[in-house]
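Protein chains in written order, with this note's numbering: chain A, 1 to 140; chain B, 141 to 267. Ideal Cβ placement from N, Cα and C applies to all residues, glycine included. Source: prediction; values computed, not measured. Structure record follows, encoded as structure tokens.
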């Protein structure tokens, strides 16, 4: 039986294309969905920072201090701040998905609320974490 | 060729992503465990920010902290492998490229997980 091979040449044009993201006016739930994937990918590579920190601590003072001075530099702190926000955003986005997976929150106002809650919640949590962290850092 | 398998038997475990609902379910499960271990990571990061290495060693010499550190490594590496695989499967449509990237993704995730587990173990043992 002849079947079309995946990836085989398709007839050019003349077929209607399904509308993709660029064609829609951005909705908050759509933007949060995209940001959820972006933050997930960012967290993926952010795991390198965690691994570097733990490995350097296990390796010895010299390596630990080297990693510490990189992470503690202005650029390092900005990256860590962004990583914190990315983690919080992805976590709250995940919780939003848990709510949807359970079958709740599908009314349009709920969807909008949950989406806005993701962005404001993530910013609030990140701010709180850094306030406590910087306070602790300063106290020492 | 005649086959005596039922349609369900042939379909089971396949599907468009060849993984049925396993991937979906495992992503949720590790998402839940991630909430717990990320809370621990935030606690650890705040406790240890700007502290010397001795403080990190002392922190992970506590059994509960070491356990949570190992679980952190396992949970996040498991979750990030699944997540990146979904991204690769969504955007990479050439079978060969996809296969290689999915494989590299698995290797990278396992590497991160094992490296973190080893580091935490060494810190816990204090060797």
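Per the coordinates, the alpha-carbon of residue 88(A) lies some 11 Å from the alpha-carbon of residue 95(A).
Look at residue 106(A) here: in three-state DSSP terms it is coil, with no helix or strand label. Cβ contact annotation for residue 223(B) (same chain, cutoff 8 Å, sequence separation greater than five): 167, in chain order.
The DSSP-derived three-state label of residue 144(B) is coil. Chain A has no Cβ within less than 9 Å of the Cβ of residue 150(B). Interface with chain A (9 Å Cβ-Cβ cutoff): residue 192(B) is included.
In this structure, residue 68(A) sits near residue 190(B), with a CB-CB distance shorter than 9 Å. By the rule that beta-carbons nearer than 9 Å mark a contact, residue 200(B) touches chain A. Given a length threshold of 3 residues, the stretch 40-109 of chain A has no whole run of the beta strand (DSSP E) inside it. Taking a cut-off of 8 Å for Cβ pairs, the stretch 25-35 of chain A and the stretch 218-233 of chain B do not touch, as fewer than three such pairs fall below it. When the beta-carbon positions are compared, residue 98(A) and residue 172(B) come within less than 9 Å of each other. A straight line joining the alpha-carbon of residue 74(A) with that of residue 102(A) spans about 42 Å.
For the options 247(B), 233(B), 205(B), 143(B), the alpha carbon positioned closest to that of residue 176(B) is the one of 205(B).
Closer than 9 Å to the CB of residue 206(B) there is not a single CB belonging to chain A.
Interface criterion met: the Cβ of residue 44(A) is under 9 Å from a Cβ in chain B.
Within the same chain, no Cβ atom closer than 7 Å to the Cβ of residue 38(A) is found once the five residues on either side in sequence are excluded.
Residue 137(A) is positioned such that its CB atom lies no closer than 9 Å to that of residue 81(A). Taking a 10 Å sphere around the C-beta of residue 126(A), we find 16 or more other C-beta atoms and assign the residue as buried. Here residue 57(A) has 64 as same chain residues with Cβ atoms under 7 Å from its own Cβ, once five neighbours each way along the sequence are excluded. For residue 16(A), there is no enclosing alpha helix (DSSP H), as DSSP gives it neither H nor E.
Per the C-alpha coordinates, the member of 254(B), 255(B), 228(B) positioned closest to residue 244(B) is 228(B). Taking each of 116(A), 18(A), 40(A) in turn and checking the Cα distance to residue 84(A), the smallest one comes out for 40(A). By the neighbour-count definition (other C-beta atoms within 10 Å, threshold 16), residue 225(B) is a buried residue. For residue 223(B), the uninterrupted alpha helix (DSSP H) segment begins and ends at 203-231. Secondary structure in the stretch 228-265 of chain B: the alpha helix (DSSP H) runs of 4 residues or longer, each lying completely within the stretch, are 235-265 in chain order. Residue 211(B) has a beta carbon lying at 9 Å or more from every beta carbon in chain A. Taking CB atoms only, residue 94(A) has a neighbour in chain B less than 9 Å away.
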